[in-house]
Structures are given as structure tokens and as C-alpha cells.
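Following: one structure in C-alpha cells, then a few remarks.
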Amino acid sequence: MSDEFDDDRLPVEERLAAEALIVDVDGFEGPLDLLLTLSRTQKVDLRKISVLQLAVQYLRFVEEARKLRIELAADYLVMAAWLAFLKSRLLLPPDPADEGPSGEDLAAHLAFQLERLQAMRESAAKLMARDQKGRDFFVRGIPEDVERVRRVTYTATLLDLMQGYARIRTRDDFRPYSMDREHVLTMEQALERMRGLIGFMGEWADLSSFLPEGWGLDPARRRSATAATFAASLELAKAGRIEIRQDETFSPIQIRKKADG
Amino acid sequence: MAENKEASLFQAPPLAEQERMVEAILFATVEPVTVADLNARMPHGADAADALAALRKRYEGRGVRVVKVGDAWAMRTAPDLGFLMQKETTEVRKLSRAAIETLAIVAYHQPVTRAEIEEIRGVSVSRGTVDQLIELEWIRFGRRRMTPGRPVTYVVTQNFLDHFGLESARDLPGLKELRAAGLLENRPAPGAEGDEDDEALDQSDMFEDETPEEG
Amino acid sequence: MAENKEASLFQAPPLAEQERMVEAILFATVEPVTVADLNARMPHGADAADALAALRKRYEGRGVRVVKVGDAWAMRTAPDLGFLMQKETTEVRKLSRAAIETLAIVAYHQPVTRAEIEEIRGVSVSRGTVDQLIELEWIRFGRRRMTPGRPVTYVVTQNFLDHFGLESARDLPGLKELRAAGLLENRPAPGAEGDEDDEALDQSDMFEDETPEEG
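Chains as they are written, first to last, in our numbering: chain S, 2 to 262; chain E, 1444 to 1658; chain C, 1444 to 1658.
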């Protein structure tokens, strides 16, 4: 519990299981709550409580739960182990060689925790017993907005903001931003394609015949594919793999494999 | 005689008390209230008409008045003070999803350029969205980024912090905390396991290698 | 002389008139209004604080009252007349015991981290609990704690004060007694060395964003 949201590292199933167990222990909300309830049987001021007696009661409760085969949540067992340790410290004479906190210190701290929890319980009850808005006192029923000077303001809550951010950061199809390339053939793609085709080239062939299948129909796709294929051809010519020719301006561009390419 | 005795069993509250009751009811009800309604709500034996008359008199010349609306009664601001009410008439609308997401990115990643916002959202950000957030005074221009094109950055404003009840943008919960609060489904993107929390908390160097192009 | 003439151009309305204005504004508005807001809406030279004091006095013992909520003011019906308002009663979502206790711990120990809440209750805080309180706008994120991990803290809101009819978090029932009894301290367990939150929950930074009492 020292680290914030520590429990969150557990898988959901494990945590749900743990929570279910806590609820199973007769509706107690954790070991401290159980201890507080047990302490009521002593009917004394929490400052004067016998922690030893409480430890014994708690250990008996855990024992009882085991007999009834109630599976106790780990929290309860950790507390049981700690109380057993505390009990031994309280009963045995202090060991002068031991530098750890004394049994009395530990007992006093537990009593403090119980008293603080009890105080918060009582405070919560006092708070809820106060007059509450919408139940005991009321706001103006007809807030006046007679003179409608229409001015639009936009609002959002912190929850909206955080949920918005969470939505973006956990989007399944999260990917770095890139332009939509559905209708764009890149030069790299064209080059890749041309390299594969060079080996099968015979005599002079029209450049347009090298466009990938399905790219010749849609004008946008054809333009992109033509430009990319042409650029790729120039690359290959530069590399000495093919030759390019054009008979006259605007006539079809033709390419062929270079003899020694 | 029998009737009188019966009535005394249900002693009506004093007139001053009845006046308080009428005052509270007229204040809190959503609709104007008839005398019959008032009587039905008030304790047995009360006479709302008398109490109403006294209340009406009490509010004469005050900032609010008791007025008759049809055959019912309501409290209204004095007409000469209507000029004070103009501030009440703003229409509040929810911010669009695009604007909320953009705002969230600025808050979590500031200072951030428009290209970076687009990269994180995965879609382009319309000029109107940014303009709206600037107009709301929730974001403003920050320092220019020292990268090619020197793109403008955006940061959140004090107004933003005030509106969302934050002390500083650093107090925004990280992804881990969002998840703990149940705002985030426990469904990390494939391959992104574990590193996203660090990213969110360590925002300053998220984009250091970027050289975004601004249009 | 010249100064006098100048001042008369901006003659503030008489106090009685200012009181009417404050009355009208508070009557018309559901959310608490700060003195600064009142002054901004009233004519130049008006002093809402004085008018407010007079108005508050005038409504003493009436069916509606002028109440202070944090550093703002609002009109609310007198709590003893709640029985007349069955029609207005809004059904408040039933809070779990865990939520009620968590709320009380935030109110009395603010600013408080989740780990501290868990320490006091002796049980982990379920994800929905904090979420629900934030959604009710009864708690919000405070400043991050300057301890390792920089955990988020929680504090109560003006809405919380308004809902429970509190002028400030200092007026929480029994607060002084609890503090005197040392029950608002965060004592480290004996032997637990260097408890990270030890000094951070120093009493001095409690209620840090409270504004001092005003007229």
C-alpha cells in the first residue's frame, strides 16, 4: 500500500477475485474494519483497548473462518500473521539485543489506527447527517434568464478531457500519422516492381504497360502510378540497367533492358 | 362546537411562520404555485392567502418581488434590475469530440505543434477546432519550436486550469492513474505494453527527434 | 474639487440600492457567486461586500437565507422547512459505505493521496469509488505531492461545501477536536523508516487553497 495504485499491476481477474473474497468475510471492509468491530466487545475507550486481547480475538476469528472453510483474503492473513507476532512481543519479556520497535509501540500504533478509522467513521456519519442540498435545503427553482442575450459558451468537464485523452492513447488502430496512401504509388514501390520485371524484358516496350494491375483505370491512380514508374525508370537508367527512348515530344515513352544490364 | 375543537388539535403555525413557508416554497419551486397548491403543501390550518399577502408586502421595493402569473404566484427579479441579469443568459454547449481530444493533447503534451497533435490523433486537425480553443482562452500560442519551419506551438492557459479545477497541467493524472480510476480500459495496444505510462509522465522529450513540417 | 467632480460622475448607488442588486443577482442564480463576480456585475463604485452583509442580516430567520459557500455566496431555503419541499427533493444516488468514508477522509485530511486513504481505511480503494466522487463533483485533483512518485492528491470542491451547507472545509463537524486529538495525523508505523509521506501531510498545508474569511 505504500505505492500508489500498486494493486493496479495485478490482472483484473486477480483483483476482482480478491475483492470478492473481502466481501465474503461477513461483509467486513478489510482487516482493520474487522478489528474495529471486534474491539466493540471490549466496550472501552479505544485508547484503553487491550490490543493483546484484540489480537487473540482476531486470531480466533481467523481460526474459526478456516474451520468453516471460508477462504480469507490475503489482507486478513497478513494481519493475522502480524498480530501473532505482536502477541508474542507483548507476552515475552523484551529482548535487550533486539533493536526493533517494542510490542507496546506496535500496539499503540494499532490502537491509533483503529481510533483514527473510528473517528473517520463517526465524521462520515456526522457529515451525512448534515442538512443536504436537494434534500433539506433547496436552490432557486426558477433561475432567471429573462433577457436572453444569446451567447454560446462551450464547456467540457475534466472527465471528458481525461476520457478523450484515454481514448486517443488506447486506440486499437493507433499508428503514427501518415498521409492516406490508398491512391498513391510510391517510387520505391514502382522501383521494386520494375526490378522484378526487368529480367523478363524483351524489346522496346511502352512504359504504360508497366503500371501495376488495376492502376490504369482511375485517373488519380493512373497519374500516380505513371509518375512513380517513370521516376523508377529514370533511376534504373541511371543505374545502367535499362535504356529509355521517346520518339518525339508527348509520344509514348519506351524502355528496354540494357544488353549488359 | 365540535368543529372548533377539532381545529384546535391542528393548531396552525403563527402567521410569521406561514410567511416563511410560502417564501421558501415560492423560492424553490420550478413553476408558479397557486394558493390551493400552497395550502395543500402547508400544515393543516394554515392560510396561504394571508401569508402570501404579508410576504408580498414584505418584498415591496426589494430586489425581488412576489408576482402573480395567471392564477399562480412566483418570485421574480424587480424589473428595474433586469440589466443585472444579462450575464445569466449564456448558452452552454458541450465541446465537440475533436476539440476535447485536441485540448487533451495540448494539456498532456504542451508545448505541442499542430503536426504533433495530428500525429497523436491520427487525423488532421481543422483550423476551426484550434481557433475555437483559442477563442475559449483554453489554449494559446507558445514559443516557436526550434526546428525547420519554426512551427508554432500550443500551450494551455490559466483559464484552462481554472475551468478544469487544476492547479497546474502537471496535476493531470497519468495514464496509469486514469486506468486506476476506471477511465481507461485495461487494453493496451499490441506491442505497446508497459511503455505507455512512462511516455505519458515523461512528456517533455516525447518529440525531441521530430522535425515536423508546418503548413 | 476636481477630484470630487470626477467621483460624482461615477457615483455609486446608495447602499440600499446595492443591497437590492445583490439580492436580485443571488436570487436569480443557482451557483454560488463570488464578491468579485458581484462587483463585476454591479455598477461602477458599488461595494458588494457591504451590501452582502446587510442582505445577510435582512434574511436572518426568513424562509430563505444568504449562505456562504467557500468564497462565494448563494441563497438557499432554510433547512427546517425541507419538509415542505417533497416535490423538489432530488433523489441523491445512494453512496456506498466505502464512498462515504472516502469522501470524509478526503474532506478531513485534504490534500490526501490515494495511498493515505487506503492506509486510513485499511483496505484498498476500489476504482469506482473515487470516480463516483469526482463525477458528483464533490472531490477533485489537488496539487501533486512532492514525494517520490509525485502522487496525485484529492481535495473537496465548492460543490461539496454547497451540498453539505458548509462555509469552508474548516467548518467540518468536529474538525478541531479531531485535530487536537491527533487523529488527522499521518503517523508512520513504528520501525517503518523514512515513511515517504511523513512530512508531506504536515498540518500547515491542509486547506491550502482556502481563502481567508471575508466581510
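Ideal placement from N, C-alpha and C gives every residue a C-beta, glycine not left out.
Status (buried if at least 16 other CB within 10 Å, exposed otherwise) for residue i
i	result
residue 42(S)	exposed
residue 1626(C)	buried
residue 170(S)	buried
residue 201(S)	exposed
residue 95(S)	exposed
residue 1629(E)	Confidence at residue 1629(E) is low in this model, with a pLDDT of 42, below 50, so the placement of that residue should be treated as unreliable; the coordinate-derived value is given next. That one is exposed.
residue 1504(E)	exposed
residue 64(S)	exposed
residue 34(S)	buried
residue 49(S)	exposed
residue 105(S)	exposed
residue 1542(E)	buried
residue 1527(C)	buried
residue 1589(C)	exposed
residue 138(S)	buried
residue 45(S)	exposed
residue 1602(E)	exposed
residue 1524(E)	buried
Coil, strand or helix - residue i by DSSP
i	result
residue 143(S)	coil
residue 1476(C)	strand
residue 1582(E)	strand
residue 1515(E)	strand
residue 245(S)	strand
residue 223(S)	helix
residue 44(S)	coil
residue 258(S)	strand
residue 166(S)	helix
residue 1530(C)	coil
residue 1632(C)	coil
residue 251(S)	coil
residue 1596(C)	strand
residue 138(S)	strand
residue 230(S)	helix
residue 1556(C)	strand
residue 132(S)	coil
residue 1612(C)	helix
Contact under 9 Å by Cβ, residue i with residue j
i	j	result
residue 144(S)	residue 1473(C)	yes
residue 1582(C)	residue 1599(C)	yes
residue 1621(E)	residue 1550(E)	no
residue 1514(C)	residue 1572(C)	no
residue 216(S)	residue 210(S)	no
residue 1520(E)	residue 1497(C)	no
residue 1597(E)	residue 1607(E)	no
residue 87(S)	residue 140(S)	no
residue 1516(E)	residue 1486(E)	no
residue 237(S)	residue 196(S)	yes
residue 1557(C)	residue 1568(C)	yes
residue 157(S)	residue 1619(E)	no
residue 66(S)	residue 84(S)	no
residue 206(S)	residue 164(S)	no
residue 1548(E)	residue 77(S)	no
Whole-Å CB distance - residue i paired with residue j, under 8 Å assumed
i	j	result
residue 220(S)	residue 194(S)	The pair is not a contact, with the Cβ atoms about 20 Å apart (cut-off 8 Å).
residue 231(S)	residue 198(S)	Rounded, the Cβ-Cβ distance is 15 Å, inconsistent with contact.
residue 257(S)	residue 189(S)	Not confirmed; about 23 Å, so no contact.
residue 1512(C)	residue 135(S)	Not quite, the Cβ-Cβ distance comes to about 14 Å (not below 8 Å), so this is no contact.
residue 1488(E)	residue 1455(E)	3 Å
residue 1461(C)	residue 1494(C)	4 Å
residue 1(S)	residue 90(S)	In the structure as shown, chain S starts at 2 and stops at 262, and residue 1(S) therefore has no counterpart that could be examined.
residue 39(S)	residue 119(S)	Between residue 119(S) and residue 39(S) the Cβ distance is about 13 Å, and since that is not below 8 Å, they are no contact.
Pairwise C-alpha distance: residue j and residue i
i	j	result
residue 1469(C)	residue 1482(E)	27 Å
residue 1559(C)	residue 1565(C)	10 Å
residue 1544(E)	residue 160(S)	12 Å
residue 1561(E)	residue 60(S)	60 Å
residue 1579(E)	residue 1611(E)	18 Å
residue 253(S)	residue 185(S)	22 Å
residue 246(S)	residue 1592(E)	40 Å
residue 1471(E)	residue 127(S)	26 Å
residue 79(S)	residue 69(S)	19 Å
residue 1500(C)	residue 1508(C)	9 Å
residue 1574(E)	residue 1577(C)	30 Å
residue 102(S)	residue 130(S)	41 Å
residue 82(S)	residue 73(S)	13 Å
Residue i beta carbon near the ligand NAD (any heavy atom closer than 8 Å)
i	result
residue 92(S)	Among the ligands in the structure shown, none appear at all, so the ligand NAD cannot be discussed.
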